[in-house]
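What follows is a single structure, written as structure tokens, with notes after it.
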């Protein structure tokens, strides 16, 4: 009976190839090849940010008669915003802890949980008894998200167009490092009542575009945790440092004892 021997080099090559394939699956975004070339159903394309307490709103009210609409653009409670965030002809208002903004003449309006368009509609309804066909523009001025963990540039980022998805957020932070866990990204979100919610995102799965958390909301915190490879390498590094230090100490003690004796 003949015996067949597989060269060690071949075994090593196969092992390295399989290892690289496994590692590739850990870092590639939007996998699931069976959906490539097909339209992906995205239920959240028409995403709109909602207003929350502590938001700064730009509110501009106009009508055919500027003199009649002028009193509605005056307020005792306004908020200073950076020059880059100001809109000419509009005032900024802080949404209080009750979810309300105080407008001149109209008074307090509850806007918590409303989109910008919904807030505009509500204000127009309030104005209908004072103005004919008023025009209202509402915009959230302090739409910010935070990206932390295994990304190139962690930090807080301002979103000017009021819409950002998870990939755009990671792009703002310089993308994930090779050590980021792409299958277990943590999303911390505050609901309209102030409660905290934690969600997990897997961006290696192409179906992430159908997730209700694909689009981020203002105030969201994205945390990219390190992969097991990063954690294990850190542990090995710490252990190696410990043993090298211990060995150096023992070597020094032995040298001293030899010198004394």
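Residue numbers (my numbering): 599 to 859. Note that CB positions come from ideal geometry on N, CA and C, so glycine has one too. Please read all numbers here as calculations on a predicted model, not as lab measurements.
Asked, Found
"Alpha carbon to alpha carbon, what distance is there between residue 668 and residue 737?", "19 Å"
"Kindly list the residues whose CB is nearer than 6 Å to the CB of residue 627, restricted to its own chain and excluding five residues on each side of it in sequence; keep chain order.", "801"
"Could you tell me the distance, in whole angstroms, from the CA atom of residue 799 to the CA atom of residue 731?", "45 Å"
"Among residues of its own chain, excluding the 5 on either side of residue 779, which ones have a beta-carbon nearer than 6 Å to its beta-carbon?", "823 and 825"
"Quick one: what's residue 701 bridged to in DSSP?", "705"
"Is it buried or exposed, residue 690, if we count other Cβ atoms within 10 angstroms and call 16 or more buried?", "buried"
"Taking residue 702 as the reference, give the member of 763, 666, 751 and 807 with the closest Cα.", "666"
"Per DSSP, which one or two residues make a beta bridge with residue 737?", "656"
"Applying the 10 Å Cβ sphere with the 16-neighbour rule, what's the burial state of residue 726?", "exposed"
"So, helix, strand or coil for residue 776, using DSSP?", "coil"
"If you check the beta carbons only, do residue 735 and residue 658 fall under 8 Å apart?", "yes"
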